[in-house]
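**Q**
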Amino acid sequence: MKVNLTTIFILLSINFFIHNQVQGWKRCWSMQAGINFELIFQCSTGEGYVEKYKIDVCETSFSYYCTTVETIRFNKQQTPFTAYIRRWLLLSWLGFDVRFQFFYRCCKEGETDNCERNFIYYVSEDCYLCDWDQYQCRYYIHLANASVISGDFRRLN
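Here the sequence shown stands for residues -24 to -1, 1 to 133, numbered as in mature numbering (1 follows the signal peptide of the UniProt record, and there is no 0).
(1) Could you give the DSSP three-state label for ASP73: helix, strand or coil?
(2) Quick one, which of ALA120, ALA59, TRP64 has its alpha-carbon nearest ARG114's?
(3) If you follow the beta strand (DSSP E) that CYS83 is in, where does it begin and where does it stop?
(4) Do the region 34 to 41 and the region 76 to 93 meet, that is, are 3 or more Cβ pairs less than 8 angstroms apart?
(5) If you draw a straight line from the alpha carbon of CYS83 to that of PHE95, how long is it in whole angstroms?
(6) Would you give the residue range spanned by the beta strand (DSSP E) that ALA59 belongs to?
(7) Based on Cα-Cα distance, which residue from ILE31, GLU23, THR(-19), ILE11 lies nearest to CYS91?
(8) Quick one: what does DSSP say LEU119 is sitting in, helix, strand or coil?
(9) Cα separation between ASN(-21) and ILE(-15)?
(10) Do the CB positions of TYR116 and ILE125 come within less than 8 angstroms of each other?
(11) For THR47, which of ILE61, GLU35, ILE31, PHE57 has the nearest alpha-carbon?
(12) What first and last residue would you give for the beta strand (DSSP E) that runs through GLN112?
(13) State the start and end residues of the unbroken beta strand (DSSP E) segment that holds GLU46.
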């Protein structure tokens, strides 16, 4: 069976755009982008702590694959507290997502045991930086209901 390379390329391109549903992107002139965050962790239902968080880069080319690029451990840092993240990331030229994974303890109303949880939050594209002259994104992380609030108090998840 003879396969035409043009046909294969067209089919792979269609598959890429269907699976990734590209809606827009931020273009930096290198394969690097930075993130610059102020994360303010809160547990509104009482004492809580953050054990660690991970920064993942997910490639969104022809498959979806995530790699942890950094893990920050806090040794059970009590809430409320603020963490600052400033990092350059090597990225795929075909497409990428940056996500945070938070591992923490914060009991919901009426709970006393088994309060260790985690949640994943995908960073919005307006917080990717092409250079360090751009602003710092501020996120309020409400651990009791696993929500992320932006610096201008919009709920992001």
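C-beta: ideal position from N, C-alpha, C; glycine also.
Please read all numbers here as calculations on a predicted model, not as lab measurements.
**A** So, from the data block:
(1) Judged by DSSP in its simplified three-state form, ASP73 adopts strand.
(2) The shortest Cα separation from ARG114 among ALA120, ALA59, TRP64 belongs to ALA59.
(3) No beta strand (DSSP E) holds CYS83; DSSP gives it neither H nor E.
(4) No, the region 34 to 41 does not touch the region 76 to 93.
(5) Near 14 angstroms, if we compare the C-alpha coordinates of PHE95 and CYS83.
(6) Per DSSP, ALA59 belongs to the beta strand (DSSP E) from 57 to 66.
(7) Comparing Cα positions, the closest option is GLU23.
(8) Residue state, collapsed to three classes: coil.
(9) Rounded to the nearest angstrom, the two C-alpha atoms are 10 angstroms apart.
(10) For TYR116 and ILE125, yes; Cβs fall inside 8 angstroms.
(11) Nearest C-alpha to THR47: ILE31.
(12) Neither: GLN112 is in no beta strand (DSSP E) and is coded neither H nor E.
(13) In the DSSP assignment, GLU46 falls within the unbroken beta strand (DSSP E) covering 41 to 54.
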